[in-house]
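Taking this note's numbering, the leading residue of the sequence shown gets 780, the next gets one more, and so forth.
Each residue gets a CB set at the ideal place from its N, CA and C atoms; glycine is no exception.
Keep in mind the model is a prediction, meaning the values are calculated, not measured.
Reading through the structure tokens given below for one structure.
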Amino acid sequence: MSNSHRTASGGRIDRTRSVTFTFNGKSYQGCAGDTLASALLANGVHLVARSFKYHRPRGILSAGSEEPSALIQLERGGHTEPNLRATQIELYEGLSAASQNAWPTVNFDVGAVNGLLSKIFVAGFYYKTFMHPQSLWMKLYEPLIRHAAGLGKAPKEPDPDRYDKMHVHCDVLVVGAGPAGLTAALAAARTGARVILADEQNELGGSLLTSGEVVDGLPAAQWIAKIEAELAACPEIRVLRRTTAAGYYDHNHLTLTERRTDHLPRGAAPHLSRQRLWNVRAKRVVLATGGHERPLVFADNDRPGIMLAGAVRTYVNRFGVTPGKRAVLLTNNDSAYAAALDMQAAGIAIAAIVDVRTAVNGPLAVKARAAGITVLENRAVVATEGGKRLTSVDVMPLAADGGGVVGTARTSIACDLLAMSGGWNPAVHLYSQSTGKLRYDEAAACFVPHKATQALHCAGTCNGSFALPDCLAEGVAAGTEAAREAGFTADAPLPVPRAEADAEEPLRPLWVVPSTQLVGRGSGKHFVDFQNDVTAADVLLASREGYQSVEHLKRYTTMGMGTDQGKTSNVNALAILAQSLSAPIPQVGTTTFRPPYTPVVFGALAGRDVGELADPARVTPMHRWHVENGAVFEDVGQWKRPWYFPRAGESMHDAVNRECRAVRNGVGVLDASTLGKIDIQGPDAAILLNRMYTNAWSKLDIGRCRYGVMCKEEGMVIDDGVTTRLGPNHFLMTTTTGNAAKVLDWLEEYLQTEWPDLRVHLTSVTEHWSTASIAGPKARDVVAALAPDLDLSADAFPFMAMKEAVVAGVPARIFRISFTGELSYEINVPAYHGLHLWTEIMKAGAPHGITPYGTETMHVLRAEKGYIIVGQETDGTVTPQDLGMDWIVSKQKVDFVGKRSFTRQDTSRADRKQLVGLLTQDPTMVLPEGAQITAQAGGTVPIPMLGYVTSSYWSETMGRSIALALIAGGSRMIGQTVHAPLADKTVACAVTKPVFYDPEGVRLHG
């Protein structure tokens, strides 16, 4: 049966190169240049899939990215990929493909029993069916739904391929390389503009690859080759074949997915990435994306062997394939006549052209009649026969208004192929993604571009111009104008290529082809969305049930929600909805096209950011020293931070206790380089800080530091840190390690969206500076040895001050701030001096017994002082007042982010959770963090919870355990006893103030 449906000659395939492939375990032969779809059709294979809901037999409908039915599972193992369109899979040696959504086989699918229940599986059936009893949801309903969900199977093994990304700028990006796109690209390239031409197919030419028309006196293929050569001679053009424009975003940012090796046997080009994601910023964009043919909606219009007429023409002319031996064409427009003539020339017997129009006398119809083709006017196909392949169609005359049929007599026509055409829709997906507005063209019965909101032009069929001469002219005009707008003009403008087109008669919109029974009655199904099995009856039912907004209709019926995004179904569905509402189609509106235009593999989105690069570990310049000195690390955000430094034979508990003693009694040093650092400069820098922080900043002196708390609009704390004024218009903000990027993004959001008038520039400088924090009673002695020329007295260098000095021979900023409650100095040096600074600190501190300490010790020390950690003492529901920090909320400032929320009744409730300290009655008992707090020990479950433990440690300094907790009305409960129910016991705790050590702050003032 090999190539039983291949023409003797013709097409753009290479007949000298045979390609072996398997489909559903059976071996077939194709030709180089075939797609999987064309090769299957050449071998007489029409049944390739089962539908999603009813598991009906499905064949190949189209020839491109709009394909809704022929979804394939390609390859096996780590290379396997589901839901690929057979129409876009280029054939290669050894290709292995299989049908999906069928068990045990596509020929005998048990799931077809769903068709017997089709009267139940109507639009929204899952909303109506799985309601009662509720007890069955987890046991039965959800498992059943999850088992039935999906189509193909995701790979279980790691992806063996590589992917990469490119970021480029260009003057003109042309999407689509059909007649309009080619002329647009050439017109723009001739001006010297930087041009990118991208097309999803492996060859340039678009519709010209199928039509065989004549341009500038040359056959289409020769004209395409001529234009390609001219493009290649232009120095500033990049042509990307096999590249789909997936998304159109703000500011002319488009993403393109280039399939670099998908047309090759897997593993055949290991030196190349499989796919590349291009991020393109274009000054101007030309969309020449062509169009998609619409199916007609008639009874049982989904059988294998029913195809779009334009697709059949493509398979005949481009691939040398005859999808059937005897064909009927059903149409409401002239384009099907051109297909019929080409089909007949390829050897397909044309039984009849069934045209729903009343009088068809255009040039193409005249040619068809002259070729001996029977044209049945004012007729329609009202039924089809066949199981896994079409065998015949029934034809009846239409009433004058097209709303019904005349009489009951049917004419049965034997055929194995039905080619249908319901008109053409411009491919406006990218245009809509750009937020451009559409208008409805009554004459063409389709939506076309109307008002662009970005710097773009539409040309050709995408613009609603379907004739070849118009496509060529619009392409030249769009490319020339786009280049001019980008600042380029040509010495000699590109002349518009000459072409002719037969005049076409108006189409007749017939959104649902009538039959002897009303839609939804009888066994026939009028499919609108082939991928999700949505019928005209589903659309009408949704309308009757009140889902009359097009977006509601989409979600209730799942129309247009498949991987094809309704490319062949949306306009038909909108029109049927409009008819049910007796409303004009434009009033009903359109659904929202969203990226991607066609599915994009996760690998392309990830690029090289996988494995270790998916979440790269960040290390400080001192990391090597920490490793060499036995540090145990913890992950904080992406940073590797020393957790503690155990000595030989020490447990973590022992090491942390030793480090705590060193800081409290001598001196310790912490690598604080990971703290977020944001450089803030500009005349309005202080104004920005005043608006973002809860406290005041305008009067902060140069060289002074201030602690600040930042809230979101609802008044909840999102970050804290110390900010220093380095100059009149220059500040350095520090943030928590994990929140550095989040805070920068938060500041930028306000600058760009709320206060674009503020003259402020933000720069992340976290990696620019290495920071060592020296803390303890002997800290001044160590710093004095490192910076002998600096006056470190308390009067000359007070708490919350900053000085610039030379430290260990390196220019440095020294901040006298403390997160331990001890005398502390944070020394910042350029990052490349970080390791040098650290080793010099260790040398200078050796006489004083300096001890490196990690984050666990830092947590214990700060908890002893009652200092909070955002994300530990806060959870997104905590205000500064809840933390006992009323003092940091300005009463004089006119406004700041979150201020209004502090006047809400909820934020001033006395029973809000508030920060307190906890001391267990058993001083050796360390509460687990997260432990719930109750008012009483024991009781009947459920026991009311007062709050929970946020931080809990053994305090070597205090000689006992300590804890911080958020407890409802906690400030009023100080001195009372609460309880912490644990798995094996309940622990009694005294509620205290959250500061356990040096509450007067004497030690940190030094």
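(request) Rounded to whole angstroms, what's the CA-CA distance from residue 782 to residue 812? Just pull it up for me. (result) 14 Å
(request) Let me know the beta strand (DSSP E) ranges lying completely inside the segment 1335 to 1416, each 3 residues or longer, listed in chain order. (result) 1411 to 1415
(request) Hey, could you find the ends of the alpha helix (DSSP H) residue 1254 is sitting in? (result) 1247 to 1264
(message) Less than 8 Å between the C-beta atoms of residue 1614 and residue 1401, yes or no?
(response) yes
(message) Once DSSP output is grouped into helix, strand and coil, what is the label at residue 1531?
(response) helix
(request) Using alpha carbons as the reference points, say which of 1428, 1059, 1767 lies closest to residue 1711. (result) The residue with the shortest Cα to Cα distance from residue 1711 is 1767.
(request) Report the option in 1341, 1204, 961 whose CA atom is closest to the CA atom of residue 1245. (result) 1204
(message) For a test of the three-state rule: what should DSSP assign to residue 780, helix, strand or coil?
(response) The predicted position of residue 780 is uncertain, since its pLDDT is 42 and thus under 50; a value taken from the coordinates is nonetheless stated next. Here residue 780 sits in coil by DSSP.
(request) Determine the burial state of residue 886: buried for a count of at least 16 other Cβ atoms within 10 Å of its Cβ, exposed for fewer. (result) Exposed, by the Cβ-count rule.
(request) Quick one: residues in its chain with C-beta nearer than 6 Å to the C-beta of residue 856, no 5 flanking neighbours on either side, listed in chain order? (result) 936
(message) Out of 983, 1631, 871, 933, which one is the CA nearest neighbour of residue 1410?
(response) Selected option, being the one with the closest Cα: 1631.
(request) Could you check the C-alpha separation between residue 1511 and residue 1444 for me, to the nearest Å? (result) So the two alpha carbons sit approximately 31 Å from each other.
(request) Check whether the Cβ atoms of residue 1318 and residue 1332 sit closer than 8 Å, and answer yes or no. (result) yes
(message) Within the continuous alpha helix (DSSP H) that includes residue 1089, where are the two ends?
(response) 1088 to 1098
(message) How far does the beta strand (DSSP E) with residue 1512 in it extend, from its first residue to its last?
(response) 1509 to 1514
(request) Indicate the three-state DSSP secondary structure (helix, strand or coil) for residue 1460 in the structure shown. (result) strand
(message) By the DSSP assignment, the beta strand (DSSP E) with residue 1759 in it spans what residues?
(response) 1756 to 1760
(request) Measure the Cβ-Cβ separation of residue 1634 and residue 1695 and say whether it is below 8 Å. (result) no
(request) Could you work out which residue in 1127, 1169, 1545, 1504 is closest to residue 1594 when comparing CA atoms only? (result) 1504
(message) Quick check: is any heavy atom of the ligand GDP less than 7 Å from the C-beta of residue 1384?
(response) Among the ligands in the structure shown, none appear at all, so the ligand GDP cannot be discussed.
(request) Quick one: using the 10 Å Cβ neighbour count with 16 as the cut-off for buried, is residue 1328 buried or exposed? (result) exposed
(request) Name the residue from 1032, 1048, 1033 whose alpha carbon lies nearest to the alpha carbon of residue 1838. (result) In the structure as shown, the chain begins at 780 and stops at 1785. Residue 1838 is therefore absent and cannot be evaluated.
(request) Assign residue 770 to one of three DSSP states: helix, strand, or coil. (result) As displayed, the chain neither begins before 780 nor continues past 1785, which places residue 770 out of reach and without an answer.
(message) Helix, strand or coil, according to DSSP, for residue 787 in the structure here?
(response) If DSSP states are grouped into helix, strand and coil, residue 787 belongs with coil.
(request) For residue 780, collect the residues of the same chain with a Cβ closer than 7 Å to its Cβ; drop the 5 residues on either side in sequence, then sort them by chain order. (result) Only weak support is given to the placement of residue 780: the predicted model assigns it a pLDDT of 42, under 50, and the value that follows is read from those uncertain coordinates. Contacts found: 822, 823.
(request) Determine the DSSP secondary structure at residue 1059, reduced to helix, strand or coil. (result) strand
(request) Can you grab the Cα-Cα spacing for the pair residue 1199 / residue 949, in whole Å? (result) 41 Å
(request) Counting only the same chain and skipping the five closest in sequence on each side, list residues whose C-beta sits under 7 Å from that of residue 1453. (result) 1399, 1415, 1418, 1420, 1516
(message) If you measure between the beta carbons of residue 1380 and residue 1054, is that distance less than 8 Å?
(response) yes
(request) Name the one or two DSSP bridge partners that residue 1607 has. (result) 1550, 1592
(request) Report the partner residues of residue 1733 according to the DSSP bridge assignment. (result) 1740
(message) Taking the alpha-carbon of residue 1449 as reference, which of 1382, 1493, 1467, 1555 has the nearest alpha-carbon?
(response) 1555
(request) Say whether the segment 833 to 842 touches the segment 1077 to 1090, bearing in mind that this needs 3 or more beta-carbon pairs closer than 8 Å, one atom from each stretch. (result) Contact between the segment 833 to 842 and the segment 1077 to 1090 is present, because at least three Cβ pairs lie under 8 Å.
(message) Under DSSP, the alpha helix (DSSP H) around residue 999 begins and ends at which residues?
(response) Its alpha helix (DSSP H) spans residues 999 to 1012.
(message) Would residue 1125 and residue 1106 be called neighbours here (beta carbons separated by less than 8 Å)?
(response) no
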